[in-house]
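Quick note: the sequence shown, position 28, residue 31 per my numbering, numbers continuous. Only one structure is covered here, and it is reproduced in the block below.
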Amino acid sequence: MVLKDLVDGGMLFRAGRGDLTTYRVVTAADAPRADGLADQRVGNFVWVAIHRYGPITRASLAELVPAGDDALDAALVRLARDGRVTSEERDGKVLYESAECVIPLGDSAGWEASVFDHYQAMVTAICTKLRLGKTHAVAGEWVGGSTYGFDVWEGHPHHAEVVGFLQATRERAVSLRKRVEAFNVSHSAPDGSTQHVIAYVGQTVIGLEDEGDDE
C-alpha cells in the first residue's frame with residue numbers, strides 16, 4: 004500500500020507485474036510536467052525532507068527529492084515565503100531547516116508526503132531500537148512501538164472511545180506540540196543538546212468496507 008501511494012504520487016517508478024515488479028526512486032528526468040497539484044506534492048516532500056534531515060544543503064535535498072532543478076528551487080522559494088522553512092549560511096554553505104512540519108488534514112496533495120513520513124518514522128523507531136540492542140519491550144522505554152486491537156460494534160459501550168482513539172491522540176499531540184513550541188520560543192537547550200522525539204500513530208478499522216461505509 005505504501006509503495007502504491009508513492010508510485011501514484013510520482014515519488015517511485017514501478018516496472019513489471021506480480022513477483023517481477025521492481026521499484027526505484029523517480030529521477031528528475033522521470034518527474035511529470037509540473038502543475039499546481041504536482042508543485043504542491045513536491046513542496047510537501049521537500050518540507051518533510053528538510054524537517055527530518057535539516058539543517059540540509061540544496062545539493063543534499065536534490066538527492067532526496069526526485070524533482071527537477073526548477074521545481075526544487077520553486078518549492079524552496081514557496082516554503083521560505085510561507086515561513087515553513089528558514090535558511091542560514093554556515094561555512095559558505097546555505098542550509099535549510101524547519102522547526103515543524105504539519106500537513107493539514109484534508110490537504111489534497113498531502114497524502115503522499117504524510118505516508119512517506121509516517122512509514123519512515125516507524126522504520127526509524129524499529130531500527131533505532133535494534134541498534135540499541137533492545138529486542139523486547141520494557142516499562143518506561145523511550146524508543147519502541149505498540150499495537151492494540153479491539154473488537155467493538157455499533158451500540159457497544161466503548162465503540163466511540165475505540166474508533167475515536169486516533170482523533171483523541173491527534174488532539175493530545177497537537178496540544179502538547181503547541182505547549183512545547185511556546186516554551187521553546189524563549190528557551191533553548193543547553194549546549195545544543197536537543198533530543199528530537201518522533202512519535203507515530205496509525206489506525207485501521209476492518210469491516211467498514213463490508214458495511215458499505217466509504218469514509
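Here a beta-carbon is modelled for each residue, glycine too, at the ideal position from N, C-alpha and C. Since this is a predicted model, take the numbers as computed values, not measurements.
With respect to the C-alpha of S149, the residue from V188, A202, L179 having the closest C-alpha is A202. DSSP lists Y99 as the beta-bridge partner residues of I59. Pairwise C-beta distances place the segment 87 to 94 out of contact with the segment 67 to 77, as fewer than three of them are shorter than 8 Å. Nearest to D42 by alpha-carbon distance, out of S63, A116, H54, G57, is A116. Counting every other CB atom within 10 Å of its CB across the protein chains shown gives S101 a total of 16 or more, marking it as buried.
Counted as a single uninterrupted DSSP element, the alpha helix (DSSP H) harbouring E174 occupies residues 168 to 188. In the three-state reduction of the DSSP assignment, E157 falls in the coil class, being assigned neither a helical nor a strand state. In the DSSP assignment, R84 falls within the alpha helix (DSSP H) that extends over 72 to 84. When the beta-carbon positions are compared, T127 and V146 stay at least 7 Å from each other.
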